[in-house]
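Chemist: Residue numbers (numbering that gives the first Met the number 0), protein chains in the order written: chain A, 0 to 216; chain Z, 0 to 216.
The structure under discussion is supplied below as structure tokens; questions concerning it will follow.
2 protein chains.
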Amino acid sequence: MTATRRKKPRASVRETVRLETRAAYRQAILEAAEVVFGRVGYQSARMADVAAEAGVAAGTLYNYFKSKEEIFESILERAGDEFYGQFLAHINIEDPLARIDAFMRAAFQFMEERGGLFSLIFAGVGIVEWGEQRIHKRSTRNSEVHERIEQLTAEAVAAAVAAGQLRDDLSVDELTEMLRGLTDALVFAWYRRGCPPDLAARVDVLLDIFLNGARKP
Amino acid sequence: MTATRRKKPRASVRETVRLETRAAYRQAILEAAEVVFGRVGYQSARMADVAAEAGVAAGTLYNYFKSKEEIFESILERAGDEFYGQFLAHINIEDPLARIDAFMRAAFQFMEERGGLFSLIFAGVGIVEWGEQRIHKRSTRNSEVHERIEQLTAEAVAAAVAAGQLRDDLSVDELTEMLRGLTDALVFAWYRRGCPPDLAARVDVLLDIFLNGARKP
DNA sequence: TTGACATGAATCACTATTCATCTATATGAA
DNA sequence: TTCATATAGATGAATAGTGATTCATGTCAA
């Protein structure tokens, strides 16, 4: 997918050297775009800004990407894959509740590390989807990643229900929805506070309320 | 605030009639804008679309509003006030938990009735704020309304804690945050399903999980 | 006849994208 | 090793599309 984005390089001795260089440019552009998009949002970000941030000329961007949108999608795609990877890393934890716990922690840690991108990724998984969905239809790829993540969570919840760890008088969907909501809420609030380095630590509150509720025993 | 938006009408005998007419135009424009913004989003909505929907010429819009943004803010403002009103209506319920319950139901009912505007209002109270905040800074007024609503909720939560109805080993802020998150989650999911008429009914699940948690007793 | 105001074509601003050029490097003959 | 030439690809000025906003004009009620 990434490969088809630009003219195929001619086969030659130069190949290796050129590729190195091209890859570096590509990388620089993506990183710059991530910074700029993260700072001012997709709409407000100007290609000129991205070019400046990357230290290249505006025209150069188009030697590596077809359009602004393609750059955006590349970012979403990359970040989405990384995010998904964080989930996969804990897929094998046997105990359902422990798995959910691990998922949440992994997700929060990822958020915390890439705060600026929040509105493009995690957010891209719902929030931005609403705020901007009509502005640019989201990359299909990113949606897939999103769905798979929801899927992993739902599976864990289902397993927990099956294991008698979670209530069975509510549907798995409802439980998953709520879990997701609590997660969003924390990230939301954290983002609003300016992304201080305390997000990961708050998972405990999330799980506590999700599992035990807010009512005084 | 609304009054300062256009040239002051001259005092004259026509006044009454003119005002009537002007008010009608203004109203039509706002309603049209609400429809169009709700349908395609602020960014994608064209003034020409709004004009067409309102059945007036594009230029006419500018006889009533300074700019596209001002129209948007007027909508947010109006909707925000209505939304806030729904909360105020239950402010006097004594029992804190009952008050929270009433708040949630009122909010959901409002959502359900104005689904199309979701992303401009309730959403405008957080979700869109992130998705688009850099695209157009939100109206100060709307932010105020938002804050006041959060305030009302937080007060109810605090009262519940004080009354021994909610846990006191978590901060009021944390509890409120979670409540808000659960609310968002439901509306989110509902919106994604295409706004079917079942939102209000789901408040029970929300409160159930918030109060009792998801763990199997 | 006059003034308020609706009209919509013309203007203006903003940017993504294109493209004619220019630069730097690689190649290969001397 | 050195120089002439070719070429990938960097450059940024020019283009082009979009759509908000303006304004000269026409209409209608008083």
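For each residue, glycine too, the CB sits at the ideal point set by N, CA and C.
If you're wondering where the values come from, they're calculated on a predicted model, not measured in any experiment.
For ALA47 of chain Z, which residues of its own chain have a beta-carbon under 8 Å away from its beta-carbon, when the five flanking residues on both sides are left out?
Modeler: For the purposes of this step, residue 47 of chain Z is taken as the residue at position 48 of the second sequence. Answer for ALA47 of chain Z: ALA57, listed in chain order.
Chemist: Alpha carbon to alpha carbon, what distance is there between ALA106 of chain A and TYR83 of chain A?
Modeler: One-based indexing of the first sequence puts residue 83 of chain A at position 84. One-based indexing of the first sequence puts residue 106 of chain A at position 107. Approximately 9 Å between the Cα atoms of the pair.
Chemist: Confirm, please, whether the CB-CB distance from THR152 of chain A to PHE102 of chain A is below 8 Å.
Modeler: As a first step, residue 102 of chain A must be located in the first sequence, where it is residue number 103. As a first step, residue 152 of chain A must be located in the first sequence, where it is residue number 153. Yes, the pair counts as a contact, with Cβ atoms nearer than the cut-off.
Chemist: Are the region 174-191 of chain A and the region 78-96 of chain A touching, with three or more C-beta to C-beta distances below 8 Å?
Modeler: No: fewer than three Cβ pairs fall under 8 Å.
Chemist: Touching or not, the region 60-74 of chain A and the region 87-103 of chain A, by the rule of three or more beta carbon pairs under 8 Å?
Modeler: Cβ pair count under 8 Å is below three, so no.
Chemist: Run through DSSP, which three-state label would ARG192 of chain A get?
Modeler: Taking the first residue of the first sequence as position 1, residue 192 of chain A is located at position 193. ARG192 of chain A: coil per DSSP, three-state reduction.
Chemist: In chain A, which residues lie less than 7 Å from GLY84 of chain Z when you measure between Cβ atoms?
Modeler: Along the second sequence, read from residue 1 onward, the residue named residue 84 of chain Z stands at position 85. Neighbours of GLY84 of chain Z on chain A: none; closest Cβ ~24 Å, over 7 Å.
Chemist: Taking LEU167 of chain A as the query, report the chain Z residues whose CB atoms sit under 8 Å from its CB, ordered along the chain.
Modeler: Taking the first residue of the first sequence as position 1, residue 167 of chain A is located at position 168. Checking the displayed sequence, the identity of residue 167 of chain A turns out to be Asp instead of Leu. Within chain Z, the residues near ASP167 of chain A are LYS215.
Chemist: Considering only residues of the same chain and omitting the five flanking positions on each side of ASP167 of chain Z, which have a CB-CB separation below 6 Å?
Modeler: For the purposes of this step, residue 167 of chain Z is taken as the residue at position 168 of the second sequence. VAL160.
Chemist: Within a Cβ cutoff of 6 Å, which residues of the same chain sit near GLY40 of chain A, ignoring the five residues on either side of it in sequence?
Modeler: Here residue 40 of chain A corresponds to residue number 41 of the first sequence, with the count starting at 1. Closer than 6 Å at Cβ, skipping near neighbours: no residue.
Chemist: Would you report the Cα separation of PHE36 of chain A and ALA50 of chain A, rounded to the nearest angstrom?
Modeler: By one-based count along the first sequence, residue 36 of chain A stands at place 37. By one-based count along the first sequence, residue 50 of chain A stands at place 51. Spanning the two alpha carbons is a distance of roughly 12 Å.
Chemist: Report yes if the CB atom of VAL55 of chain Z is closer than 8 Å to the CB atom of ILE74 of chain Z, and no otherwise.
Modeler: Translated into the one-based positions of the second sequence, residue 55 of chain Z becomes position 56. Translated into the one-based positions of the second sequence, residue 74 of chain Z becomes position 75. No. Outside cutoff.
Chemist: Looking at LEU165 of chain A: is its Cβ nearer than 8 Å to the Cβ of ARG214 of chain Z?
Modeler: Within the first sequence, residue 165 of chain A is the residue found at index 166, counting from 1. Within the second sequence, residue 214 of chain Z is the residue found at index 215, counting from 1. Contact: yes.
Chemist: ASN211 of chain A versus chain Z: which residues are under 7 Å apart at the beta carbon?
Modeler: Working through the first sequence from its first residue, we reach residue 211 of chain A at position 212. The contacting residues are GLY212, ARG214.
Chemist: For the alpha helix (DSSP H) containing ASN211 of chain A, name the first residue and the last one.
Modeler: On the first sequence, residue 211 of chain A is found 212 positions in, with the first residue counted as 1. 202-211 is the span of the alpha helix (DSSP H), which, as asked, contains ASN211 of chain A.
Chemist: Give the secondary structure of LEU60 of chain A by DSSP, where H, G and I count as helix, E and B as strand, and everything else as coil.
Modeler: Taking the first residue of the first sequence as position 1, residue 60 of chain A is located at position 61. DSSP places LEU60 of chain A in helix when its eight states are reduced to three.
Chemist: How about ASP183 of chain A and ASP207 of chain Z: do their beta carbons lie closer than 8 Å?
Modeler: Along the first sequence, one-based indexing puts residue 183 of chain A at 184. Along the second sequence, one-based indexing puts residue 207 of chain Z at 208. No, the pair does not count as a contact, with Cβ atoms beyond the cut-off.
Chemist: Where DSSP assigns a beta bridge to ARG214 of chain A, which residues make up the other side?
Modeler: Looking up residue 214 of chain A in the first sequence gives position 215. According to DSSP, which records beta bridges pairwise, ARG214 of chain A is partnered with Z:LEU165.
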